[in-house]
Every structure is written in C-alpha cells, then in structure tokens.
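Novice: Chains as they are written, first to last, in the numbering used here: chain A, 1 to 54; chain B, 1 to 189. The structure follows.
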C-alpha cells in the first residue's frame, strides 16, 4: 500500500473516531437537557403549589 | 546484390517500427503521467476534505463539551437549590396538625405526650443540641412543655380574655372538630 493511501486510511479512521466522540457528547447534552427540563417542570409545579397554598 | 537490397529493406522496416513504437511509448508515458497527476490531485483533495472534517469535528466536540459543562453547572445549582428549599420549607398542613395535636394534649396526665409533640416540632424545625437544651432548661424553670402549654402556648395561642373555654365544653368528636368549633365560636363573638 502506498504511503498516501495509508495516510488517507489513517485520516478516515481519525474522522470515524471523532464522529464517535461528537456523538457521545451530543448524547450527553441531550441527557442533560432532559434533566434540566425535568428540573424546570418540578420547579414550576412547586411554584404553582406555593401560589395555591398562599 | 539482391540480398543487400533485401537487408536494406528490412533495416528500413525495423527503423520504421522502432519509430512507431517510440511514439506509442511516449504517448503511454504521457498518459501514465496524466493519470498519476490526476490521482495525486484527487488524493490531495480527499486528504484536505478529511482534515477539514477533523477540524470541524474537533471544534464541534469542544463547543458541545462547553455547553455540557454549563448545563452540568446549572443542574448542580438546581439540585443544591432544591435540597436547600426542601430543607427550609415546612409543610403548612404539618404545622397545623402539630398545633392541633398540641392542643389535644392539654390537660393533666398528658405532659409526656405533650413533650413528644414538642420533640416532633423541634425535630421538624431542626433544633440543634444547644437549642434543645435552652427549651428543656426553660421547661424546668417555667414549664414550657408543662401543663397548659406554658411558654409555647403563650406564643402560639391567641390571648383569651374573660371566660375560660374548657376542652370538654367544646362540641366535636375529636380534637380537630373541637378546635374548629372553638374558632367558630371565637370569631362569631
């Protein structure tokens, strides 16, 4: 295999690895956003409850 | 003589074929160089494209990681706030029930139960050991937890002037009903 072909193969492997990393952090972000959404819902419910009690 | 002519012809033929072959070889070499050149250009294009994609991917990864860090901080703050709020907020119903319970334990022979209600109240309000000692000390001296409610009663109970309302005089089957009737009577005066 030529040197250039080896380099291209290596770069393609790097791109694949990076895509995996980006996918991982994107998944993490999605989870964190869901978590934030949950907190917002809880705090909105608590606010509603407090308003109704008061 | 004839042989010489034949040899000359053959030599000319060989020379012609050599020329043709040389031309063809040159053309082939030129084609080969062109193909190699195109391949080199294509490879360079692919390498550049991959390098660009790597750069973009790294930038995207870094950007999302920063966003995730911000989100994690926000969630941490929200968790802390929730824990703090849960620790500081007391359920209104719970306080109401404790007061009703406190009034239900008025009367001689119920000092122990009244003390238990006070214990619950102190636990709920998160009294420290020192604060508990202050209450117990005051109880020994002035009867905070003693009969009739002592100091606590003077704090949580409204001042009742004139006639004394006895628990057994109030209508109702349980303490809650009696307390409700007591309030109704007091407000209707």
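Heads up, the beta-carbon is just placed ideally off N, CA and C, and yes, glycines get one too.
1. Going along chain A in order, which residues have a C-beta closer than 8 Å to the C-beta of residue 78 of chain B?
2. Using Cβ-Cβ distances below 7 Å, what residues of the stretch 116-144 of chain B are close to chain A?
3. Can we count residue 56 of chain B as close to the ligand COA, meaning its CB is less than 6 Å from some heavy atom?
4. Does the beta carbon of residue 30 of chain A sit closer than 7 Å to a beta carbon anywhere in chain B?
5. Tell me whether the stretch 89-108 of chain B and the stretch 133-140 of chain B touch, counting them as touching only if at least three CB pairs, one residue from each stretch, are closer than 8 Å.
6. Name the chain A residues whose beta carbon is nearer than 9 Å to that of residue 8 of chain B?
7. Which term fits residue 40 of chain A, buried or exposed, when burial requires 16 or more other beta carbons within 10 angstroms of its beta carbon?
8. Using 8 Å as the Cβ pair cut-off and three pairs as the minimum, do the stretch 9-16 of chain A and the stretch 58-65 of chain B touch?
9. Hey, is residue 6 of chain A's beta-carbon within less than 7 Å of any beta-carbon in chain B?
10. Secondary structure at residue 148 of chain B, three-state DSSP: helix, strand or coil?
11. At what residues does the alpha helix (DSSP H) containing residue 113 of chain B begin and finish?
12. Under 7 Å between beta-carbons, which chain A residues line up against residue 43 of chain B? List them in chain order, please.
13. So is residue 18 of chain A in contact with chain B if we call contact Cβ pairs under 7 Å?
14. Would you report the Cα separation of residue 14 of chain B and residue 40 of chain B, rounded to the nearest angstrom?
Specialist: In short, the structure shows the following:
1. 36, 39 and 43
2. Under the 7 Å Cβ criterion, the stretch 116-144 of chain B contributes no residue.
3. You won't find the ligand COA in this model; it holds no ligand whatsoever.
4. no
5. no
6. Within chain A, no residue comes near residue 8 of chain B; the closest Cβ sits about 49 Å away, beyond 9 Å.
7. exposed
8. no
9. no
10. Per-residue confidence for residue 148 of chain B stands at a pLDDT of 45, beneath the threshold of 50, marking its modelled position as unreliable; the derived number appears in the next sentence. In the structure shown, residue 148 of chain B sits in a helix (DSSP, three-state: H, G or I).
11. 111-124
12. 4 and 8
13. yes
14. 38 Å
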